Every structure is written in structure tokens, then in C-alpha cells.
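Residue numbering for the sequence shown is 9 to 639, as defined by the working numbering. The beta carbon of each residue, even a glycine, is placed where N, CA and C say it ideally should be. No experiment lies behind these values; they were computed from the predicted model shown. Read the structure below first, then the notes.
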Amino acid sequence: MRKSLKTSIATVSISGNLREKLAAIASAGFDGIEIFEADFIADYGSPRDVGNLVRDHGLEIMLFQPFRDFETLPEPARSQAFDRAERKFDVMQELGTDLVLICSSLHPAALGGIERAASDFNELGERAAKRGLRIGYEALAWGRHIDDHRDAWEIVRRADHPNVGLIVDSFHTLGRKLDPDSIRSVPGDKVFFVQLADAPLIDMDLLYWSRHFRNMPGEGDLDVTRFMQAVMATGYDGPISLEIFNDQFRGGNPHTIAKDGYRSLIALMDDVKRAEPTLGFNLPSIPPRIETKGFAFVEFATRGDEADALRNDLTTLGFEKVGQHRSKAAGLWQQGDIRIVLNEETTRHAASSWNARGTCVCDLGLKVTNAKSAATRASALGADVFTQPIGAGELAIPAVRGLSGSVLHFLDDSSELGRVWEMEFSAERVPVGAGLTHIDHVAQTMSYDDMLSWSLFYTTLFDMAKAPMIDVIDPDGLVRSQAVEAVNRSVRVTLNGADSHRTLAGAFLSDSFGASVQHIAFATQDIFGTLEMLNSRGFRTLPISPNYYEDLAARFNLADGLIEKMQACDVLYDQDDGADFFQAYSLSFSGNVFVEIVQRSQSYCSYGAPNAPFRIAAQKRLSRAKGMPKA
Ligand code: MG
Ligand code: MG
Numbered sequence: 009m010r011k012s013l014k015t016s017i018a019t020v021s022i023s024g025n026l027r028e029k030l031a032a033i034a035s036a037g038f039d040g041i042e043i044f045e046a047d048f049i050a051d052y053g054s055p056r057d058v059g060n061l062v063r064d065h066g067l068e069i070m071l072f073q074p075f076r077d078f079e080t081l082p083e084p085a086r087s088q089a090f091d092r093a094e095r096k097f098d099v100m101q102e103l104g105t106d107l108v109l110i111c112s113s114l115h116p117a118a119l120g121g122i123e124r125a126a127s128d129f130n131e132l133g134e135r136a137a138k139r140g141l142r143i144g145y146e147a148l149a150w151g152r153h154i155d156d157h158r159d160a161w162e163i164v165r166r167a168d169h170p171n172v173g174l175i176v177d178s179f180h181t182l183g184r185k186l187d188p189d190s191i192r193s194v195p196g197d198k199v200f201f202v203q204l205a206d207a208p209l210i211d212m213d214l215l216y217w218s219r220h221f222r223n224m225p226g227e228g229d230l231d232v233t234r235f236m237q238a239v240m241a242t243g244y245d246g247p248i249s250l251e252i253f254n255d256q257f258r259g260g261n262p263h264t265i266a267k268d269g270y271r272s273l274i275a276l277m278d279d280v281k282r283a284e285p286t287l288g289f290n291l292p293s294i295p296p297r298i299e300t301k302g303f304a305f306v307e308f309a310t311r312g313d314e315a316d317a318l319r320n321d322l323t324t325l326g327f328e329k330v331g332q333h334r335s336k337a338a339g340l341w342q343q344g345d346i347r348i349v350l351n352e353e354t355t356r357h358a359a360s361s362w363n364a365r366g367t368c369v370c371d372l373g374l375k376v377t378n379a380k381s382a383a384t385r386a387s388a389l390g391a392d393v394f395t396q397p398i399g400a401g402e403l404a405i406p407a408v409r410g411l412s413g414s415v416l417h418f419l420d421d422s423s424e425l426g427r428v429w430e431m432e433f434s435a436e437r438v439p440v441g442a443g444l445t446h447i448d449h450v451a452q453t454m455s456y457d458d459m460l461s462w463s464l465f466y467t468t469l470f471d472m473a474k475a476p477m478i479d480v481i482d483p484d485g486l487v488r489s490q491a492v493e494a495v496n497r498s499v500r501v502t503l504n505g506a507d508s509h510r511t512l513a514g515a516f517l518s519d520s521f522g523a524s525v526q527h528i529a530f531a532t533q534d535i536f537g538t539l540e541m542l543n544s545r546g547f548r549t550l551p552i553s554p555n556y557y558e559d560l561a562a563r564f565n566l567a568d569g570l571i572e573k574m575q576a577c578d579v580l581y582d583q584d585d586g587a588d589f590f591q592a593y594s595l596s597f598s599g600n601v602f603v604e605i606v607q608r609s610q611s612y613c614s615y616g617a618p619n620a621p622f623r624i625a626a627q628k629r630l631s632r633a634k635g636m637p638k639a
């Protein structure tokens, strides 16, 4: 029986000073750390104090790193390297850790040679053993003589010392496109440590790529799952550790980054277990990625005049109020399969959302196959389970805190939850409406630095995948946009990352104090019919420049009269392999939110990104005319 898996993260992976890092790492749930030498040197405590500080946080020092440029040096540099190692051994003993990482040499004087290296490691292993210490050797992808884990293993094998083992790092193996399955033949007890990192596939110098662009498993494009399957197949039962060098993380919030890291590790090891169940390692079992079945509801926090305005907006969209909550100041509005809750409570979560942001989307509900499993998986991945006192006539709907304080609820068809609308709202009737059938997508806005966190949240919790990142040009900057989509297409969320507060997305963020939902897209089968009905109810579309339609005629070969029809009601158009996409936007809507109406062909998989610059320009033109230059 293997030991249960321990999780670890290199202190270099997150921002802050050593003490801030330790607090964040401990509260995210890790068992230990790799202590990065520079982090330790910068601290004013003695090695013994630092060791105690780490243990006071409930953490173990799993590894001391890195020790560089050791092997295959000619004398006198060789003796000096051994002396240097002995001094590091002193520090390790004071810190209270028994394993040091030695990475393959970049030293210009290093002679190379597998035998020479093996004999250096045998001698160093002998010295380490006298102190009860161990040595792990890692092949850097850009090492001078050794840049491949297979060669590093050959050196370790020939060093033939019980205190000398191999350290593997997914970045160095996968970044050089080495076959991870070659790790499978290494005996598990000779693998002393495993370091994990993912990275986006970018064609650039390996060293630069590694130092600046690593990210958490699942955030990049490397097959970290297959790498880890190979490591576990050796029988390895040491710690699973993250070693991430990333400019964004270095500047990010240490708590967020540490939580993301923990989430990515748990999801990764769960994936490894599912991909190769025979590996038989010891990991508490958690429910698989949750299958979604659609959006269940969108809840607005609102109050007073703002609530009246929102009710009016919903009426122009063809929604009708179908029920009043049995005990709360909350109304249920419906059309097709779309449910919108207007929460005017003066206590609890909706009230604090409204106090902070005014009218905004405070909660999202997703239909899933099993709501309880969704909450269980989310909490195993480190999400905070959301609870608040349950009022009379209310069901306990499983929910977690999403990012930026938003709340995500899970509904399923189980006996109670399946009847939540009748039980809480006495809602029975479905209004005729204006042809809006369901929520096509919800757009959430965040600062660019938080985008990876959000996509990791969705893709580790749900059976969802990321679409490629797209740059959207705003007249005042750039917005990065990435969709996360349920594999079965039942839920689509677009994540928009703003760099500058001058972009529309950035202004939304600063005006709404971190609220996330910036627009909601409702689907219709007949956008022209729907818009005609909406216009008769007083709905007003965002006016689109006539030049847009001139350009459309030049870009697409569309049926006679279609462009005129689009222009008449400000409909934008996109096409993907012959599949149509029509979209129109609201001129305004309550609470910093706007509304999109879309008609999507089954096989159209995007969101009209080519139109986004014109939509944003139109929105900015309007707000500038109103004397609000920032948005
Ligand atoms: Mg490494
Ligand atoms: Mg959209």
C-alpha cells in the first residue's frame, strides 16, 4: 500500500515575502513546500528559525532548491563544488529538510560525460548519507551536457547510491517534447521528487519560456496528465509539487495563486486516477467533472427605483413575473426556459451585493446532473461552500463561492430541488414571451490577471473546455476574451479580461467593484421576429454604424435583402463554415449589465468576436454622448 499523496508547491511560484507565501500556501491546503533558496536568503530569520516558521504553518519542507553547476568540473572547481555542497547540507539540516535538488550543470567549464557525472554523484551521495541527507538530480531542458531526463536517470543509475535519486519535472520533459512514457521504466524508489508545471504552447527560447510562462497544470497546453500517469506508474509515492515561474503569478495575489495551484493539483491527480485506474495510488475519491444541463437562473440584487427600472427592462424583453417568493422580497420572472430572480432583500448575500455595487447579478444557478456531487467536487477542489441562514419556505440549494465573491448554485432534478420554483415561488404558468428560449451565454468580466483563475475554476469543476483566447480591440485598449464551454454545449461562459480601466470591460470592473456578469445573451430561433416584438414593447437596440453593413456586404455573400433587414434592426452577423450567427445588443439595461439577443446555427461555435470592436465602439459612442467618457 502506498502512502497517501502529499501536495507541495515551490515558494518561487507565488508572490510576496516568505512569510506571506507560507500563510497563503498553508491556507490553500498544501502539505508542504519546496523552499527556493533565494526566498530563504531574503528572510532575516536563521535557517533554524525559518524551518520552525514553516512548521508553525503546519507545512513540511519537502525539498531545498536549487543547487547548481555541480557535476563534471575539473579541479580545482570540482573540490570547490563539493565544499559548496557541504555548506548547503549544513543549511538543510538547520532548516530541517533531507532532500536537495541539483539541476544539470550550465557551467562553461563542465566537462560532461555520463561516467564522470555518475562518479561525482556517487561521492556526493556518500557525503550526504553521513548526514542522513538525499540528493535529487534534475535534467534542465537547457542543461549544458544533460538536458533529457533519460540521461539524468542513466547518471543516477550508474551513481548507484541509495541517497542519490532522480527528480523529474513535467516542463523539462514535455517542453522538449520528450516522451513521458520513458519515465515508466525508472524504479519508483529512485524517483525522489516530481515537479509539475504546464505552459501555453508558444514558440520561443526554452529558458525564457520556462522562466516566464509556466502555469498550473490544466492552464496550459502540455499533457501533464500523461506525464503524471508515467510517474505514478513507477510506483512513486513522494510529494506532488508545483514549480511555476510566471510573471503574472509573481505579481498576483498569493492567496489566489496558491488556491489555484491546489485546485489544479487535486484535479490533475483525479484525472490521472481516472485515466489509468490500475495505478492504484492513495487519493480520496471525489465525484468526476460535473455535467451541466444549462443555466437554471440568473439572480439580480436590486432595490427601490432600480428594481422598478429592471422590471421595466425585463418587460420590454418579453419577460413576465410568474411568482413571488413565499417568504423573501424576491420575484421570479420567466420566459421560455429562462428564469430571472429579482432579489430586493435587505439582509444576507443579495443585500451586501447591492450595497457594494448597486443593481448587479449576485448569483448564477446552473442545472447539473447532480447538485450534491457538484458541491462535493467544488469543495474538494478548494472552493468555499456558500451557506447563509435559510429562511422560511426556502430550500438549501447547494452553492459555492465563485471568484470575486459571486455565488454559484447547483440545481438538479432530484425530488426537492427539481420543484424549487413551485415550492419557493408558487410559479406555475410559463408566459408566452417574445421568442427568447434560453440563455445562450453569460459574459463575465475580470482583470486580465484573474482570467486563468476563472477558466481553471470552470474547467476543473465542470465538464467544460476552453476555447482559444481572442484579442478584442476596444478603442481604448485591448480586452482578452476566452470562452469556457460545456462539452455538451449546454452552458457557455465568455471570460473577458481587461488590462486597462479605459476599456469598456475595465470601466465596468471599476464601476461595479468586481461584479462579474457584464452581459447576458438570450437565444431566439427567429431574431427578426423577436426584435419586432421587443421593439413594440419599447426595447431599444444599440445603433450600429451604417459602415458596418457596407463592410458586411463586402465580406459575405448573403441573400438579397438580408443586410437591409439586419441594418433596420441593428443586427450584427458572423459566419463560421457557412453556419450563421446573428446578434443584437440592448441600448441599455439595468445595473451596468447589457443584454444580447442571439440566433445561432447549431454548428456555429463562437460568439461573434469579429463584431465586438464595433459593438464596443457603439457603446462607447453612446456613453461619451451622455458625458461619461470613461465607458
Ligand atoms: Mg524543476
Ligand atoms: Mg456575447
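With burial defined as no fewer than 16 other Cβ atoms inside 10 Å of the residue's Cβ, what is the status of residue i: buried or exposed?
| i | result |
| --- | --- |
| M240 | buried |
| A562 | exposed |
| P554 | exposed |
| Y216 | exposed |
| A404 | exposed |
| M224 | buried |
| R311 | buried |
| N320 | exposed |
| S461 | buried |
| G246 | buried |
| I41 | buried |
| A400 | exposed |
Strictly by DSSP, which residues pair up with residue i?
| i | result |
| --- | --- |
| M454 | G505 |
| C688 | With the chain running from 9 to 639 in the structure shown, residue 688 is simply not present. |
| Q332 | G339 |
| N254 | F221 |
| K375 | G302 and L419 |
| I41 | I17 and I69 |
| R409 | V415 |
| N351 | A309 and A338 |
| S12 | N290 |
| S594 | T549 |
| R142 | L107 |
Which whole-angstrom value is the C-beta distance of residue i and residue j, which I expect to be below 8 Å?
| i | j | result |
| --- | --- | --- |
| K375 | L419 | 5 Å |
| M541 | S249 | That pair is no contact at about 58 Å. |
| F516 | Q526 | 5 Å |
| E402 | E432 | 6 Å |
| E424 | D371 | Their Cβ separation, rounded to whole angstroms, is 19 Å, which puts E424 and D371 out of contact at 8 Å. |
| T445 | G344 | 4 Å |
| E352 | A315 | 5 Å |
| A137 | N171 | 4 Å |
| P208 | D229 | 6 Å |
Residues in its own chain within less than 6 Å of residue i by CB, not counting five upstream and five downstream?
| i | result |
| --- | --- |
| V99 | P55 |
| E79 | S113, A125 and D128 |
| A382 | I298, V376 and F418 |
| D47 | T19 and L26 |
| R192 | A238 and A241 |
| I252 | S21, A205 and R222 |
| A89 | F78 and L81 |
| T105 | I69 and F72 |
| M277 | L291 |
| Y557 | I571 and Q575 |
| P637 | Because the pLDDT at P637 is just 42, under 50, the model does not fix this residue reliably, and the value given afterwards should be weighed accordingly. Closer than 6 Å at the Cβ level, and outside the excluded window around P637, lies no residue. |
Might you give, ordered along the chain, the residues of its own chain that have their beta carbon closer than 8 Å to the beta carbon of residue i, omitting 5 neighbours on each side?
| i | result |
| --- | --- |
| P82 | A117 and L119 |
| L539 | F547, T549, C577, V579, A592 and I605 |
| R219 | F253 |
| D231 | L182 and P188 |
| S627 | It is Gln, not Ser, that sits at residue 627 in the sequence shown. Contacts found: L512, L550, Y593, F602 and A639. |
| R385 | I294, P295, P296, R297, I298 and L469 |
| G59 | I69, E102, L103, G104 and T105 |
Got a sec? Which residues, its chain only, sit under 7 Å from residue i by beta carbon, not counting five neighbours each side?
| i | result |
| --- | --- |
| F470 | R297, I298, T300 and A494 |
| P618 | D582 |
| R608 | D448, A531 and F589 |
| L389 | R271, I274, A275, T468 and L469 |
| A167 | A126, F129, N130 and G133 |
| A337 | E352 and E353 |
| K474 | S463, T467, Q490 and V492 |
| K267 | A36 and G390 |
Lining residues of ligand 1 - beta-carbon closer than 5 Å to any non-hydrogen atom, in sequence order: D177, Q203 and E251
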